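Here the numbering used here is used: the first residue of the sequence shown is 18, the next is one more, and so on.
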Amino acid sequence: MTIKNNLKRIKAELPPHVELVAVSKTKPKEDLLEAYGAGQRIFGENKVQEMTRKWEALPKDIEWHMIGHLQRNKVKYMAPFVALVHGVDSLKLLKEINKQAQKHQRVISCLLQVHIAEEDTKFGFDEAELAALADDPEFKALQHVNVKGLMGMATFTDNMDQVRREFRGLKQLFDALAPKFGGLETLSMGMSGDYAVAIAEGSTMVRIGSSIFGARN
Ligand SMILES: *Cc1c(COP(=O)(O)O)cnc(C)c1O
Numbered sequence: 018m019t020i021k022n023n024l025k026r027i028k029a030e031l032p033p034h035v036e037l038v039a040v041s042k043t044k045p046k047e048d049l050l051e052a053y054g055a056g057q058r059i060f061g062e063n064k065v066q067e068m069t070r071k072w073e074a075l076p077k078d079i080e081w082h083m084i085g086h087l088q089r090n091k092v093k094y095m096a097p098f099v100a101l102v103h104g105v106d107s108l109k110l111l112k113e114i115n116k117q118a119q120k121h122q123r124v125i126s127c128l129l130q131v132h133i134a135e136e137d138t139k140f141g142f143d144e145a146e147l148a149a150l151a152d153d154p155e156f157k158a159l160q161h162v163n164v165k166g167l168m169g170m171a172t173f174t175d176n177m178d179q180v181r182r183e184f185r186g187l188k189q190l191f192d193a194l195a196p197k198f199g200g201l202e203t204l205s206m207g208m209s210g211d212y213a214v215a216i217a218e219g220s221t222m223v224r225i226g227s228s229i230f231g232a233r234n
């Protein structure tokens, strides 16, 4: 019941235009089913193998989001079913997703990850790289990927002023880049510790794990 109650409480806090990705990485199928029973249909995983195992075992109306750093050689395993890839951080990766999507006659929705945090461990494009990508003929030629928006992770810190600044910067970038990409609709920012700030700064999609499913080991 805890998962159900957590979900209910969090959903009540989200404005109607903000989508909830329930981040279920490392959690057993039973936990996902409890969330599913409470009406949750979008789940986020950060490992392709784990996501694929869960996809095979769980109801087929679940939308699977890949939120982790993605290796190109793993794209083929999730290409038949993945609904949204959040962490796309290179043209090379986009090209591989495009190639695998084509094999399944699909168009795979993607978010470009932007590096907004102080730490250099977080992957992603910077502003100049995104602007260049939008104009790149190789990018424009890709028919089987649909770049729907941006994704970012704030610095891991208790300093909420800094987190707010980083999210605000990402939202500004989102608005500035949208016309170059022919419109962007999804801004994925906010996790358990910072989703309220992210929503206040313009997030349209939050990725929440531990506040729903409890701490991970
Ligand atoms: C694990 C993870 C989350 C969820 O983190 P919580 O703090 O448990 O809510 C969100 N986004 C990404 C990219 C993650 O890897």
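Note that the Cβ used here is the ideal one computed from N, Cα and C, for glycine as well. Just so you know, these numbers come straight off a predicted model, no measurement behind them.
Comparing the CB of residue i with every heavy atom of ligand 1, is any distance shorter than 7 Å?
| i | result |
| --- | --- |
| Arg224 | yes |
| Ile84 | yes |
| Met170 | yes |
| Met208 | yes |
| Ser220 | no |
| Asn63 | yes |
| Val40 | yes |
| Ser319 | A question about residue 319 goes unanswered here, because the residues of the chain that appear run from 18 up to 234. |
Just the Cα atoms here: how many angstroms apart are residue i and residue j?
| i | j | result |
| --- | --- | --- |
| Ser107 | Phe198 | 16 Å |
| Asn176 | Ala145 | 27 Å |
| Gly141 | Met206 | 13 Å |
| Lys116 | Val40 | 27 Å |
| Val131 | Ala74 | 32 Å |
| Leu101 | Ile114 | 11 Å |
| Ser209 | Leu31 | 13 Å |
| Ser228 | Ala213 | 13 Å |
| Asn22 | Phe156 | 43 Å |
| Met168 | Asn90 | 22 Å |
| Lys25 | Val35 | 15 Å |
Would you give the residue range spanned by the beta strand (DSSP E) that residue i belongs to?
| i | result |
| --- | --- |
| Met168 | Val162 to Gly169 |
| Arg224 | Met222 to Ile225 |
| Leu101 | Leu101 to Val105 |
| Ala29 | Element bounds for Ala29: not the beta strand (DSSP E) but the alpha helix (DSSP H), Thr19 to Glu30. |
| Glu80 | Glu80 to Met83 |
Tell me which residue opens and which closes the alpha helix (DSSP H) that residue i is part of.
| i | result |
| --- | --- |
| His129 | First, the residue type needs correcting, since residue 129 is Leu and not His in the sequence shown. Where Leu129 is concerned, there is no enclosing alpha helix (DSSP H), although the beta strand (DSSP E) it sits in stretches over Ile125 to Val131. |
| Leu108 | Leu108 to Lys120 |
**OP:** Would you check if there are 3 or more beta carbon pairs closer than 8 Å linking the stretch 88-98 to the stretch 210-218?
**Re:** no
Original post:
Does the stretch 56-66 come close enough to the stretch 78-91 to have 3 or more Cβ pairs within less than 8 Å?
Top reply: yes
Original post:
Can you give, in chain order, each stretch of the beta strand (DSSP E) that sits fully within the stretch 177-229 and has at least 3 residues?
Top reply: 203-205 and 222-225
Subject >> Runs of beta strand (DSSP E) wholly within the stretch 22-78 (minimum 3 residues, chain order) >> reply: 36-40 and 59-62
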